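Mapping of the sequence shown onto the working numbering: position 38 corresponds to residue 38, and the numbering continues sequentially without gaps.
Yeah, the Cβ is synthetic: ideal placement off N, Cα and C, and Gly gets one too.
In this text the structure is predicted, and so the values were computed from the model without any measurement.
Heads up, the thing below is written out as C-alpha cells.
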Amino acid sequence: MSEKRTELSDLGEFGLIEQISRNTKISQASTLKGIGDDAAVLKTNSDQHTVISTDLLLEGTHFDLAYVPLQHLGYKAVAVNISDICAMNAIAEQITVSLGLSNRFSLEAVDALYEGIRLACQSYNVDLVGGDTTSSRSGLVISITAIGRVSPEKMAYRNTAQNNDILCVTGDLGGAYTGLQILEREKQVFLANPEMQPQLERNSYVVGRQLKPEARADIIHELADLEIVPTSMIDISDGLASEALHLARQSGLGVMLYEDKIPIDKETYDIIINDFKFSPTIAALNGGEDYELLFTIRQSDYEKIKNHRDISTIGHMTTKKQGYKLTSRSGVILDLKAQGWTHFAS
Ligand code: ADP
Ligand code: MG
1 MSEKRTELSD LGEFGLIEQI SRNTKISQAS TLKGIGDDAA VLKTNSDQHT
51 VISTDLLLEG THFDLAYVPL QHLGYKAVAV NISDICAMNA IAEQITVSLG
101 LSNRFSLEAV DALYEGIRLA CQSYNVDLVG GDTTSSRSGL VISITAIGRV
151 SPEKMAYRNT AQNNDILCVT GDLGGAYTGL QILEREKQVF LANPEMQPQL
201 ERNSYVVGRQ LKPEARADII HELADLEIVP TSMIDISDGL ASEALHLARQ
251 SGLGVMLYED KIPIDKETYD IIINDFKFSP TIAALNGGED YELLFTIRQS
301 DYEKIKNHRD ISTIGHMTTK KQGYKLTSRS GVILDLKAQG WTHFAS
C-alpha cells in the first residue's frame, strides 16, 4: 500500500509556510497578526503593540564556519532578527538566544559568538533576556527571537500597500550575495589552514555586507522624524524580486520596478562584472541577505524623502491586472520573477 508523499522541494519554503498557515487557527483576541508577515503582532494592555520574530540558523545551510568568524556570526544572527522587527516599523527591545552546540565547540568559541551577540545588543540597544542551550549532533544551531514595540498607527504590514504607492528601498543591493561569492571562492584557502579566520578589515565592502549586515533601525527612526508611515514594508532577506512580489501579492496589487533605479554600489557592480561576469541587476533582484528595507509610501510623502541620501525610489505599485513587471534599462518591460528558494532542493 503506497502512502501519499509530497516532496518539500516541490512545495518550496513559501508553499510550505502557506500550508502551515492555512491549517493554523487564531483563537486569542490579542493575536493581531499571526503567520505571514516579518513578525507577529500582539495586542497588549499598553498603548503599543508587541511584535515578535524568530529565525533559525544552521551550520552548513546558513553559514560556513570555514570563513565566518564566530563574532560576526553572533552579530549577524541578532541583526537579521532585528531587521524583521524594523520591517514592521517597530523598535526592538529584547532578544532570546537558543543554541545547539556539539563538543566541537569550546568555551572560547561560545565566548566569541557571544561577543558578537553582545556587540549587536549594544548597537541596537536591545537586552538579551534568555534562551535555551542543548547539545547538537549536526553542528552549530542558533535560533534568535526578537521582541519589539510599535504604536498601532505606525505599524507597517506587508499586505497594506495601495495602488500607485511609491516603492522605496534603503541602501544598496546585491552586495551580500557578491560577498558570498568571494568567500566561496576563497574557501579553499581557509580550508587549507583551519586556524585562519578571515579579517573583515582587510576585506572589501561586499565581504562586509555578507559577514556583518546591519538592520536598518536607523531608517525606522528617520522615517519617524520625517513623519512617514510606510503603507507597507518588508526586509530584504531573499532578494528584491522575491520581497517586491510579497508586498504586491499580499496587498492584492501589481508592481512595476525600474532597473535603472535599483541601487547598486560601485564596488559591488565592478566585482560582479569583472570577477564573475554576471549581471549586477540579477544579483540585486535574486541575491538576498542584504537586509535593507523595501517599503511603499503615499505619493504625497514623496517630497519628504526624494533627497534622502540612503533611500531610493525604484518603482510603484500597480493593479493586480497589470502584473509584476520590471522595466529594463533599455525600456523593455519584463516579467518580474523570484528565483525562489532552494534550501529544500539539494
Ligand atoms: P522572514 O523572511 O521575514 O523571516 P519567513 O519567510 O521566514 O519570513 O516567514 C514568513 C512567515 O511565516 C512569518 O510570519 C513566520 O513567522 C512564518 N513561519 C515560518 N516558518 C514557520 C513555521 N514552521 N511555523 C509557523 N510559522 C512559520
Ligand atoms: Mg523578513
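Query                                                                                                                                                                          : Result
Going by beta carbon distance, what residues of the same chain come within less than 6 angstroms of A146, once the five residues before and after it are set aside?            : S53, N81, I82, I85, A92 and I95
Locate the beta strand (DSSP E) running through P52, then write down its first and last residues.                                                                              : Here the sequence assigns Ile to residue 52, which means Pro is not the residue at that position. H49 to L58 is the extent of the beta strand (DSSP E) around I52.
Taking the beta carbon of V332 as the centre, do at least 16 other beta carbons fall within 10 Å, making it buried, or is it exposed?                                          : exposed
What residue ranges within the stretch 4-79 form continuous beta strand (DSSP E) runs of no fewer than 3 residues, ordered along the chain?                                    : 31-33, 40-42 and 49-58
Which residue comes first and which comes last in the beta strand (DSSP E) that contains G100?                                                                                 : I91 to L101
Compute every distance between the C-beta of A217 and the non-hydrogen atoms of the ligand MG, then say whether any falls below 7 angstroms.                                   : no
According to DSSP, is R202 part of a helix, a strand, or is it coil?                                                                                                           : For R202, the predicted structure reports a pLDDT of 47, less than 50, and the residue's modelled location is therefore unreliable. The matter cannot be settled from this model.
Can you tell me whether T231 is buried or exposed? The criterion is at least 16 other CB atoms within 10 Å of its CB, across all chains shown.                                 : buried
Using 10 angstroms around the beta-carbon of N286, count the other beta-carbons present and answer buried if the total reaches 16, otherwise exposed.                          : buried
Excluding five sequence neighbours on each side, which residues of the same chain lie with their C-beta closer than 7 angstroms to the C-beta of G175?                         : Y205, V206, R209, D265, T268 and D290
Hey, could you find the ends of the alpha helix (DSSP H) V110 is sitting in?                                                                                                   : L107 to Y124
In chain order, what residues of the same chain have a beta carbon less than 7 angstroms from the beta carbon of A283, not counting five sequence neighbours either side?      : G174, Y177, T178 and I272
Count the CB pairs spanning the stretch 253-263 and the stretch 314-323 that are closer than 8 angstroms, and state whether there are at least three.                          : yes
So the beta strand (DSSP E) A146 belongs to, where does it begin and stop?                                                                                                     : V141 to V150
From the DSSP output, in three-state form, read off D132 for me.                                                                                                               : strand
From T133 to L140, what distance separates their C-alpha atoms?                                                                                                                : 11 angstroms
What's the gap between the Cα of V110 and the Cα of K33?                                                                                                                       : 35 angstroms
In its own chain, which residues sit with a C-beta less than 7 angstroms from the C-beta of F63, not counting the 5 before and 5 after it?                                     : L57 and L73
In three-state terms, what does DSSP make of D275?                                                                                                                             : helix
Can you give me the C-alpha to C-alpha distance between S136 and L293, rounded to a whole angstrom?                                                                            : 34 angstroms
Among residues of its own chain, excluding the 5 on either side of Y75, which ones have a beta-carbon nearer than 8 angstroms to its beta-carbon?                              : G116, I117, L119, A120 and K212
Relative to the C-alpha of G288, which residue among L326, A241, T24 and L223 is closest?                                                                                      : A241
Can you tell which of E184, Y157, I228 and F276 has its C-alpha closest to the C-alpha of D403?                                                                                : Nothing can be reported for residue 403: it is not among the residues displayed for the chain, which extend from 1 to 346.
Can you tell me which of the three DSSP states V207 falls into?                                                                                                                : helix
Label P280 either buried or exposed according to how many other C-beta atoms from any shown protein chain fall within 10 Å of its C-beta, with 16 as the threshold for buried. : buried
Going by the DSSP bridge assignment, what does Y177 pair with across the sheet?                                                                                                : Bridge partners of Y177: none, in fact.
Between which two residues does the beta strand (DSSP E) carrying K325 extend?                                                                                                 : Y324 to T327
Please identify the residue among P263, C168 and D275 whose C-alpha is closest to the C-alpha of E303.                                                                         : C168
On the CB-based measure, 16 or more other CB atoms within 10 Å of its CB, does L183 come out buried or exposed?                                                                : buried
Within the same chain, show all residues whose beta-carbon is closer than 8 angstroms to that of T6, passing over the 5 residues directly before and after it, in chain order. : none
Run through the stretch 208-276 for me and flag every whole alpha helix (DSSP H) of 4 or more residues, listed as ranges in chain order.                                       : 217-225, 240-251 and 266-276
Cβ of P152 within 8 angstroms of Cβ of H49?                                                                                                                                    : yes
Considering Cα atoms alone, identify which of T170, G131, G12 and I17 is closest to K261.                                                                                      : T170
What residues in its chain sit with their C-beta under 8 angstroms from that of R202, if we drop five residues either side in the sequence?                                    : At R202 the pLDDT is 47, less than 50, meaning the model places this residue with poor confidence; the figure from the coordinates comes in the next sentence. Cβ within range, chain order: n/a, list empty.
Return yes when the Cβ of V78 is within less than 8 angstroms of the Cβ of G148, no when it is not.                                                                            : no
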